[in-house]
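Visitor: Once you've had a glance at the structure underneath, I'll fire off some questions.
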Amino acid sequence: MKKIRMAALGCLLGLWVPIQAANAASAPPLSEVKVLKVESPACGFEDIAPGQAQTRCNHSGPNIKVYVLEVGYGRQPHVTLDGFEVDGTRSPVCAFSNGNLNDCSTQTKVVGYLYVFDLKGKQEGTFSFSNVSINAPGNRMSAELYIK
Numbered sequence: 002m003k004k005i006r007m008a009a010l011g012c013l014l015g016l017w018v019p020i021q022a023a024n025a026a027s028a029p030p031l032s033e034v035k036v037l038k039v040e041s042p043a044c045g046f047e048d049i050a051p052g053q054a055q056t057r058c059n060h061s062g063p064n065i066k067v068y069v070l071e072v073g074y075g076r077q078p079h080v081t082l083d084g085f086e087v088d089g090t091r092s093p094v095c096a097f098s099n100g101n102l103n104d105c106s107t108q109t110k111v112v113g114y115l116y117v118f119d120l121k122g123k124q125e126g127t128f129s130f131s132n133v134s135i136n137a138p139g140n141r142m143s144a145e146l147y148i149k
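For the sequence shown, the positions run 2 to 149 when our numbering is used.
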């Protein structure tokens with residue numbers, strides 16, 4: 002009898018708990034990953050064209066940075082230079098009504114991330130970035146570039 006009263010009390014109390022509706026849309030799956038630029042003291046900024054397999058400029062030397070654009074939402078990026086893990090930072094990228102990608106300095110929808118990786122003294126090699134979408138279809142996307 003005591004168990005029934007406790008269950009009834011629990012149900013009654015449960016009615017007083019406000020229900021909140023979820024208003025957020027699901028995160029978009031990964032749709033694009035690409036190396037945008039490579040920066041170094043020797044060459045400045047080099048734009049990387051779609052399908053480009055290696056840098057045109059000889060960036061070799063310290064302080065090389067690699068800029069990667071990820072459109073959509075990934076789980077956990079895996080980033081290496083010749084198999085060794087590389088650390089970086091990421092900043093949200095937002096879409097504006099004109100369709101251009103930009104930073105999120107005003108209230109807009111986040112559509113992906115810009116990553117900046119510092120190669121920390123490594124001077125050349127194969128840079129690889131890959132990530133898996135956080136939701137369906139769970140696709141893996143990757144980009145690779147030989148930095149000379």
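By construction, the Cβ of each residue, glycine as well, lies at the ideal position given by its N, Cα and C atoms.
Model, not experiment: these values are computed from the prediction.
State the beta-bridge partners of residue 144 as determined by DSSP.
Guide: Answer by DSSP bridge pairing, in chain order: 130.
Visitor: Can you give me the Cβ contacts of residue 89 inside the same chain, cut-off strictly under 6 Å, excluding the 5 residues immediately before and after it?
Guide: Shown here for residue 89: same chain residues with a beta carbon closer than 6 Å to its own, the five before and five after excluded, namely 116, 117 and 118 in chain order.
Visitor: Return the CA-CA distance between residue 102 and residue 72, expressed in angstroms with no decimal places.
Guide: 10 Å
Visitor: What is the rounded straight-line gap between the Cα of residue 28 and the Cα of residue 95?
Guide: 13 Å
Visitor: Is the beta carbon of residue 68 less than 8 Å from the beta carbon of residue 37?
Guide: Yes, they are a contact pair.
Visitor: Which of the three DSSP states is assigned to residue 89 in this structure?
Guide: strand
Visitor: Between 106, 129 and 134, which lies nearest to residue 120 when the distance is taken from Cα to Cα?
Guide: 129
Visitor: In chain order, which continuous runs of the beta strand (DSSP E) of length 3 or greater are located wholly inside the region 39-91?
Guide: 45-48, 66-72 and 79-82
Visitor: Do residue 82 and residue 126 have their beta-carbon atoms positioned less than 8 Å apart in this structure?
Guide: yes
Visitor: Please work out which residues of its chain come closer than 8 Å, Cβ to Cβ, to residue 48, disregarding the five sequence neighbours upstream and downstream, and give them in chain order.
Guide: 37 and 38
Visitor: Within this structure, are the beta carbons of residue 53 and residue 149 separated by less than 8 Å?
Guide: no
Visitor: For residue 137, which of helix, strand or coil comes out of DSSP?
Guide: coil
Visitor: Take the Cβ of residue 114 as the centre, count every other Cβ of all protein chains shown within 10 Å, and call the residue buried at 16 or more, exposed below.
Guide: buried
Visitor: Closest to residue 87 by CA distance: which of 58, 111 and 123 is it?
Guide: 123
Visitor: Excluding sequence positions up to five away, which residues of its chain have a Cβ less than 6 Å from the Cβ of residue 40?
Guide: 46 and 66
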